[in-house]
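One structure is given below, encoded as structure tokens.
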Amino acid sequence: MTMRRSHAAVLLAAGCLGVILSALLLFPAVCAMISPALPAEGGNASVPGGEPENGTFFLSATDDERLKSLVAGASIPLLELSVAQIHALHTHDDAALRDQAVEIVSFTESLRSDAAVLEVSPENESARSHFIAALDEFAAAGTLLSRGIPMNRSVTEDALDRLALGTERLTDALEACNRLPANGSEFVLDSPVFNAAPAPEFPDARQLGERFRYDDARGENSASLVVERVTWSRTFWTSGTKPVQYSAGPGMSYLQVAVRATHLGHKGSGVNTRIQTPAESAFTLHSSGATYHPLAAPGPTNQGGSYSRVLLGRNEVLAGYLFFEVPEDLDPAGAYIKVTIGKESPVWRLGGTP
């Protein structure tokens, strides 16, 4: 048993290093990629498949590029959650272990859904297969650890082995993404790119993928909020029987911000076991002294659901997108998302490595 646990720990440590290095190599390339986002008021609407109005030029990234961005953006948060679970096990912190287990299960489910719908080229199918296999291992580990402490030795060792195997598969996915260009060719877009230099407007801002934890007014329930990733586009359409396509106005683009809220648990003596998520109006985008507000939630879209204010029950998760219309030359390295939650105002920096 000791050898098995040691083997898992070694694999996890080696895999963490490999994933971090691979992500650092891959991320500068994928951060410039764009994918569809919803238009703001004043944008041009049309039916998908029709001719662009007024000579509008539509930009959209390929699914190969979306896969690369998804894998690179998820690697560091997945490792952070894995290490946090191992630390909670080591320190016998049952509450932290349960919280992290719920987080990694909900996070992997969201990522798996995003990866499964992509129509990648045959050359990139192996990267997606490795990525989905990694997510399944991380989710299985989280499910095992969500039972809390104490747990028998075989369950603990199985969870550690699954974390180690998930890290190996994630490394394989990143390596596969690095080996193959999307669609076998270069994809050059005149679109906003992620630069390394941060703006000093919010020096203590969180990175993409970092969690903010908050309690309700009575301190009975806890939840977490994460700004996960951003994507760009000039075209987007709603889902349903009568989809409507939108295009940005001259000099403008659409910024789509993925947000995830998770109910972490009820700790009070009262009967209220639900917690409110922040409203869309609580979020603001800040860049170069300008402030932007999100659109009203459009509902289901071809890219997934919208983020909107809800009451979350125990262990429930809300994952969706906020949509902003911004100047096409907006630099994410100097852009931030701020949200007001009670008396607190956490901020996430949109540029740089998550």
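This note's numbering puts the sequence shown at residues 143 to 496.
Virtual Cβ for every residue (Gly too), placed ideally from N, Cα, C.
Spatial neighbours of residue i within its chain, please: C-beta separation below 7 Å, excluding the five flanking residues on both sides.
i	result
Ala347	Tyr478, Val489, Trp490 and Arg491
Phe200	Residue placement at Phe200 is flagged as unreliable, the pLDDT there being 34, under the threshold of 50; a coordinate-derived value is accordingly withheld.
Asn457	Val244 and His405
Check for me: the beta strand (DSSP E) holding residue i runs from which residue to which?
i	result
Gln398	Met394 to His408
Glu370	Asn363 to Ser375
So which of the options has the shortest CA-CA distance to residue i?
i	options	result
Val244	Arg451, Asp471, Glu265 and Ser364	Ser364
Ser411	Pro345, Pro474, Gly441 and Glu362	Glu362
Gln418	Gly393, Ser429, Tyr449 and His428	Tyr449
Gly290	Glu422, Pro469 and Gly407	Gly407
Assuming contact is defined by CB atoms lying nearer than 8 Å, are residue i and residue j in contact in what I supplied?
i	j	result
Ser389	Thr377	yes
Val401	Val369	yes
Leu231	Thr298	yes
Thr443	Thr373	no
Val262	Asp205	yes
Gln387	Phe465	no
Val481	Pro436	no
Ala461	Ser288	no
Gly351	Pro219	yes
Arg371	Gly215	yes
So what's residue i in DSSP terms, helix, strand or just coil?
i	result
Arg348	strand
Leu180	Bear in mind that a pLDDT of 36 at Leu180, under 50, signals an unreliable position, so the model cannot answer this.
Leu454	strand
Pro488	coil
Lys480	strand
Ile291	coil
Gly308	helix
Asp473	coil
Suppose the cutoff is 6 Å on Cβ atoms and the five residues either side in sequence are ignored; what does the same chain contact list for residue i look like?
i	result
Leu223	Gln242, Glu245 and Ile246
Gly308	Ala276, Glu279 and Phe280
Ala283	Ala301, Arg304 and Leu305
Would you mind reading off the limits of the alpha helix (DSSP H) that contains residue i?
i	result
Gly284	Glu267 to Leu287
Pro219	Asp205 to Thr233
Val244	Asp236 to Ala258
Output needed for residue i: all residues of its chain with C-beta closer than 8 Å, excluding positions within five of it in sequence on either side, in chain order.
i	result
Thr285	Ala243 and Val247
His272	Arg311, Leu312, Asp314, Ala315 and Ala318
Between residue i and chain C, is the shortest Cβ-Cβ distance under 8 Å, so that the two count as touching?
i	result
Asp241	Of the chains in the structure shown, none is chain C; there is only one protein chain.
Is there at least one non-hydrogen atom of the ligand SAH closer than 7 Å to the beta-carbon of residue i?
i	result
Ile417	What this structure holds is no ligand at all, so the ligand SAH is not there to describe.
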